[in-house]
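Undergrad:
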Amino acid sequence: MRKTLRIAAALVTAATVALCFCIPSAARAAGEEATLLFAGDVMMHQTQLDNHRNGNAYDFKADYDYIRAIVSKADIALANFEMTMSGKTPYKGYPRFNAPDTITDALAYAGFDVMATANNHIRDTKDEGFFRTTQLLRDKGFTVIGTKADENQKTYAVIEKNGIKIGFGNFTSHVNAGLSEATKGLINVFSCGRFEQAMLKVKAEIDAMRADGAEFIVMVMHWGAEYQLKNNAWEQKIARRLADYGAD
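When you number the sequence shown by our numbering, it's gap-free, plus one each residue, and the end is 292.
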């Protein structure tokens, strides 16, 4: 029986999804099928925080009203959670993002299932914000990839939908605030300056997902030059290596 993944892509500007479109797979034979939806960065600048404030409360659900039906329809919907939730005020946008916990309620309301958290802003509020964010997302019911709160958790996930096991991995090329001693080994970081060493970490994660039964592998890589619309030579090199390792 043929197993098929259909991909839906979403273009995200800050906390609001601006456009969604479907990319159909190749001609499908009868068989099992799962639909995946990918969204970009979920992050809030100061204007968004100010505009969503009502007294001391924040509600972001209305941002997702127009795309909720699209996101919820997918079997698995993934977004890049590119900020922290320290649990403390003041809430801030760029350059060190610190969001209210209620953004998680809005993302659940929209229908998202998986949060990729390995990105350059994951330590914007240092260790306290990092540990609280990666654990709070799990506590709220999201599958979290790219980071873990302790060594007993995994930085990847294998999710079974409609009889298909799909592995999800997530790496970032850097972390703005760097890694502390407490977070080393808890954030998936690869360095283009040490390419072969970095790729060994990526390969180990792909191999682990296969060992856990993944039939398809999805890698979410936080990479590239900001505001550039074309991929660069490093991205192309890494993408080829991912394909060689068995990523789909």
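Ideal placement from N, C-alpha and C gives every residue a C-beta, glycine not left out.
Determine the direct distance from the alpha carbon of residue 281 to that of residue 181, and round the result to whole angstroms.
TA: If you take the alpha carbons of residue 181 and residue 281, they lie about 32 Å apart.
Undergrad: DSSP on residue 91, reduced to helix/strand/coil?
TA: Helix, per DSSP.
Undergrad: Just reading off the beta strand (DSSP E) that residue 122 is part of, what are its end residues?
TA: Start and end: 120 to 125.
Undergrad: How far does the beta strand (DSSP E) with residue 203 in it extend, from its first residue to its last?
TA: 201 to 205 is the span of the beta strand (DSSP E), which, as asked, contains residue 203.
Undergrad: Kindly indicate the opening and closing residues of the alpha helix (DSSP H) around residue 114.
TA: 112 to 117 is the span of the alpha helix (DSSP H), which, as asked, contains residue 114.
Undergrad: Ignoring anything shorter than 3 residues or poking outside the segment 248 to 276, list the beta strand (DSSP E) runs there in chain order.
TA: Counting whole runs of 3 or more residues, the segment 248 to 276 contains the beta strand (DSSP E) stretches 260 to 266.
Undergrad: Going by beta carbon distance, what residues of the same chain come within less than 7 Å of residue 251, once the five residues before and after it are set aside?
TA: None.
Undergrad: Am I right that residue 104 and residue 150 are in contact with their C-beta atoms under 8 Å? What's the rounded C-beta distance?
TA: Correct: roughly 4 Å between the Cβ atoms.
Undergrad: By how many angstroms is the C-alpha of residue 240 removed from the C-alpha of residue 121?
TA: When rounded, the distance between both Cα atoms is 31 Å.
Undergrad: Quick test of the definition: if touching needs 3 or more C-beta pairs under 8 Å, does the segment 80 to 94 touch the segment 171 to 188?
TA: As far as the Cβ criterion goes, the segment 80 to 94 does not touch the segment 171 to 188, which means the pair count is below three.
Undergrad: Where does residue 295 land, buried or exposed, given buried means 16+ other C-beta within 10 angstroms?
TA: The displayed coordinates of the chain run from 45 to 292. Any statement about residue 295 would go beyond what the structure contains.
Undergrad: Return the residue from the list 113, 167 and 90 that minimises the CA-CA distance to residue 102.
TA: The shortest C-alpha separation from residue 102 is found at 90.
Undergrad: According to the neighbour-count rule (16 or more other Cβ atoms, all chains shown, within 10 Å of its Cβ), is residue 136 buried or exposed?
TA: It counts as buried.
Undergrad: Am I right that residue 178 and residue 192 are in contact with their C-beta atoms under 8 Å? What's the rounded C-beta distance?
TA: That belief holds up - the Cβ atoms of residue 178 and residue 192 are roughly 7 Å apart, short of 8 Å.
Undergrad: Taking residue 215 and residue 158 to be in contact with their CB atoms under 8 Å, please state how far apart those CB atoms are, rounded to whole angstroms.
TA: No, residue 215 and residue 158 are not in contact; Cβ-Cβ is about 15 Å, not under 8 Å.
Undergrad: Could you check the C-alpha separation between residue 301 and residue 267 for me, to the nearest Å?
TA: No information on residue 301 is available, as it lies outside the stretch 45 to 292 that the chain covers here.
Undergrad: So, helix, strand or coil for residue 169, using DSSP?
TA: Coil, per DSSP.
Undergrad: Let's see if you can read the secondary structure: which residues bound the beta strand (DSSP E) around residue 231?
TA: Per DSSP, residue 231 belongs to no beta strand (DSSP E) and is neither H nor E.
Undergrad: What does the alpha-carbon distance come out to for the pair residue 77 and residue 263?
TA: Cα-Cα distance, rounded: 19 Å.
Undergrad: Look up residue 238 in the DSSP assignment and give the residues it is bridged to.
TA: In the DSSP output, where bridge partners are listed per residue, residue 238 has none listed.
Undergrad: For residue 265, count neighbouring C-beta atoms within 10 Å of its own C-beta (all shown protein chains included) and say buried if the count is 16 or more, exposed if not.
TA: Classification of residue 265: buried, given that the 10 Å Cβ count is 16 or more.
Undergrad: Residue 68 by DSSP, collapsed to three states: which one?
TA: In this prediction, residue 68 has a pLDDT of 37, which is less than 50 and means its spatial position is unreliable; nothing more can be read from the coordinates.
Undergrad: Identify the residues that DSSP records as bridge partners of residue 142: which are they?
TA: Paired residues: 128 and 136.
Undergrad: Using DSSP with H/G/I as helix, E/B as strand and the rest coil, what is residue 209?
TA: Of the three classes helix, strand and coil, the one that applies to residue 209 here is strand, per DSSP.
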